[in-house]
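Student: Per our numbering, the very first residue in the sequence shown carries number 1295; after that it's consecutive.
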Amino acid sequence: MNPDGYSYVYVSETLPETLTLWHNGQVILRSPTNTGIPQSPTYLGTHAVYVRYLSQTMKGVNPNGVPYNDPGVPYVNYFDGGDAVHGFPRAKYGFPQSLGCVELPIPEAAKVWPYLHYGSLVTVDPPGSPSTYPTSVPSSALTSTAPFQQFAYDS
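#1: Which same chain residues end up closer than 7 Å to proline 1335 when comparing Cβ atoms and leaving out the 5 residues on each side of it in sequence?
#2: Which one or two residues does DSSP pair with glutamine 1350 in a beta bridge?
#3: If I measure Cβ to Cβ from histidine 1279 and keep anything under 6 Å in the same chain, skipping five residues before and after, which residues do I get?
#4: Residues in its own chain within less than 6 Å of threonine 1351 by CB, not counting five upstream and five downstream?
#5: Return helix, strand or coil for valine 1360, following the three-state DSSP convention.
#6: Have a look at the DSSP bridge pairing and note the partners of threonine 1314.
#7: Would you kindly check if the distance between the Cβ of tryptophan 1316 and the Cβ of serine 1306 is under 8 Å?
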């Protein structure tokens, strides 16, 4: 049984974009967030967190061909290919401006970090999708007997 309970992230791309963190059927946090720009969108659907880093250097190429190298990106939770929920400093949040990741203000990402684990689900819905998630879920619906193991890597 998972002694830490069950956590789930729901990301709405309806403006202003928001991330909602659920734990044991209760909303723990709701924050403005940023998802991918049209040239590098965030993958829609539900995916499981498959690797985590407390801090990571993110490198790649912008859609305009200019390379980027962002050291020290905090609280990284990859859920689909190169898409991750993580902290990132921006002047504003709530609209597409990432290269596919789900960016949070760093203080909010720090609050999300201890709740996400390997296998935690992240759902990203497109603009205009009505959320069908209730405001709470009975804790009896979240009981699990699956083994649980948590790791955090620093790269």
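The beta-carbon is built from N, C-alpha and C at its ideal position, and this holds for glycine as well. Quick caveat: nothing in here was measured; it's all calculated off a predicted structure.
Tutor: Working from what's here:
#1: In chain order, Gly1394 place their CB closer than 7 Å to the CB of proline 1335, counting only its own chain and leaving out the 5 sequence neighbours on each side.
#2: According to DSSP, glutamine 1350 bridges with Val1367.
#3: Because the chain is modelled from 1295 through 1449, residue 1279 falls outside the range shown and cannot be assessed.
#4: Sequence-distant Cβ neighbours of threonine 1351 in its own chain, meaning closer than 6 Å and more than five residues away, are Pro1365.
#5: In the three-state DSSP reduction, valine 1360 falls in the coil class, being neither helix nor strand.
#6: In DSSP, threonine 1314 forms a bridge with Tyr1304 and Arg1324.
#7: The Cβ-Cβ distance between serine 1306 and tryptophan 1316 does not fall below 8 Å.
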